Each structure stands twice: as structure tokens, then as C-alpha cells.
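Read in this note's numbering, the sequence shown has 108 at position 107, and its numbers run on one by one without any break. Note sheet for the following structure.
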Amino acid sequence: MTRRSFLCLSLAVLMLVPLVPARGYRLIYREQLYRLYHRHFYNYPERIAENVYWLEQALRSDFANPLYALARVSNDREWEWYRYLFTMHINLALVDLYLQWGGQYMKFEAYFYNAPWQRENLRSLDRAEELFRYARVYWEEAQVWSREAAPIRFIHLDRIQHWEDQHHRIRTGALDYGRIIDAHLDRVAEVRAAFEAMDESTY
Numbered sequence: 002m003t004r005r006s007f008l009c010l011s012l013a014v015l016m017l018v019p020l021v022p023a024r025g026y027r028l029i030y031r032e033q034l035y036r037l038y039h040r041h042f043y044n045y046p047e048r049i050a051e052n053v054y055w056l057e058q059a060l061r062s063d064f065a066n067p068l069y070a071l072a073r074v075s076n077d078r079e080w081e082w083y084r085y086l087f088t089m090h091i092n093l094a095l096v097d098l099y100l101q102w103g104g105q106y107m108k109f110e111a112y113f114y115n116a117p118w119q120r121e122n123l124r125s126l127d128r129a130e131e132l133f134r135y136a137r138v139y140w141e142e143a144q145v146w147s148r149e150a151a152p153i154r155f156i157h158l159d160r161i162q163h164w165e166d167q168h169h170r171i172r173t174g175a176l177d178y179g180r181i182i183d184a185h186l187d188r189v190a191e192v193r194a195a196f197e198a199m200d201e202s203t204y
């Protein structure tokens with residue numbers, strides 16, 4: 002086969018490829034969308050926003066059939082336990098993401114040499130406060146789902162021990178994002194007051 006005929010044959014094959022229908026499927030179940038959430042070594046705002054999007058879509062979606070659950074589910078009671086813990090876990094992941102995202106905009110000190118950028122810093126603090134308040138909404142929702150799961154006892158699902166640990170820590174008070182969020186919001190208020198007190202004589 003000559004080089005030219007090989008090139009023509011390759012070109013003909015490549016022209017036919019787009020005619021073959023590509024098989025795709027819609028992401029409609031919570032488990033499918035949750036799998037798109039992933040941790041990054043460096044948390045840039047756009048990566049955090051991507052994860053927030055997938056997790057919020059997961060919360061709006063229905064659960065897959067128990068056959069496709071992220072843990073082995075054998076009966077109705079385990080299925081109920083799984084659903085409560087999964088919803089709680091997604092809400093906790095969103096709390097964590099919103100805190101990280103707010104931390105990207107947070108100014109922990111109002112240094113005198115930042116006075117020329119007072120307006121920009123105040124806008125950044127407003128954005129941080131907004132994100133911390135979103136975190137509070139998801140924290141309250143996680144507590145609701147943990148309370149729903151509380152009456153169910155003596156069930157252990159192998160692949161979701163981490164969710165069970167989170168549930169236990171919420172019930173015992175060892176995990177209290179509310180306190181962390183309050184501390185962040187108090188700090189935002191302090192730094193905002195310091196920036197607002199700056200005038201022409203500050204720098």
C-alpha cells in the first residue's frame with residue numbers, strides 16, 4: 002500500500018467517525034452527581050465553585066436504585082439510614098466548601114497600608130460574609146438530617162463509615178460548624194469595622 006492510498010483510506014475512516022452516534026447518558030441520580038465531586042490539592046475559587054455546583058445538583062436529585070447505592074443496602078431500614086446519612090454528608094461537604102470559598106475572600110487583619118484599597122477590601126469582606134452565611138444554611142440542614150437518622154440504631158454499612166462518624170460527631174457535639182461559622186462572622190465584623198474607621202490620615 003502506497004503512502005498516498007494509506008492517507009486517503011485514513012481520511013475516509015476519519016470522515017465516517019462523526020456519523021456514528023456517540024452513546025451518552027444523563028446524570029440524573031444523586032450518586033452519579035456525587036461522583037463528580039472531587040478534592041483538589043490547591044483550592045482555587047473556580048474549582049470550589051465547580052464542586053459546589055455538583056453537590057447542589059446532587060441534593061436536588063433523586064437517589065439511584067439501592068442496587069447502585071454507594072454502600073451495600075440489604076433492607077428498608079438500611080436504605081433509610083443510607084439516605085439520611087448521604088444527605089447529611091453532602092450538606093457537610095457543602096459547608097466545608099463554602100468555608101473554604103469564604104476564606105479566599107476573607108481579610109483577617111486590617112493593616113494600615115491597605116487603606117488605599119479600603120473599598121475593595123470591604124467588598125471582599127462582604128463576599129466572605131455571604132459565603133459564610135451560605136455555609137450556615139447547609140450546616141443547619143446537615144443537623145436536620147443527622148436528627149432524622151438518630152432514631153435508627155445498630156446499623157453499620159461498610160463503605161460509608163466516614164458518614165457514620167460525621168453523624169456521631171454531630172450528635173455528640175464534637176463536630177460543630179456553627180461555632181466555626183460564628184467565629185468567622187465575628188472576625189468579618191471586626192475587620193470590617195477597622196476598615197470603615199480608616200480615613201485619609203491612616204496611610
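Cβ atoms here follow ideal geometry from the backbone N, Cα and C, with glycine treated the same way. Quick caveat, the model's predicted, so the values are computed rather than measured.
Give me the residue from the options with the minimum Cα distance to residue i.
i	options	result
residue 97	161, 140, 171, 199	140
residue 178	203, 126, 40, 99	99
residue 192	167, 66, 129, 137	129
residue 202	150, 70, 117, 144	117
residue 58	103, 36, 68	36
residue 38	55, 198, 162	55
From which residue to which residue does the alpha helix (DSSP H) around residue i run?
i	result
residue 80	77 to 106
residue 140	119 to 150
residue 183	178 to 197
residue 52	46 to 61
residue 31	31 to 35
Kindly give me the distance between the Cβ atoms of residue i and residue j, rounded to whole angstroms, as I take these residues to be in contact under 8 Å.
i	j	result
residue 65	residue 31	7 Å
residue 167	residue 176	6 Å
Can you give the Cα-Cα distance for residue i and residue j, rounded to whole angstroms?
i	j	result
residue 106	residue 186	13 Å
residue 63	residue 154	24 Å
residue 89	residue 164	8 Å
residue 152	residue 87	16 Å
residue 93	residue 112	33 Å
residue 91	residue 53	10 Å
residue 148	residue 45	33 Å
residue 40	residue 114	35 Å
Please state whether DSSP places residue i in a helix, a strand or coil.
i	result
residue 166	helix
residue 66	coil
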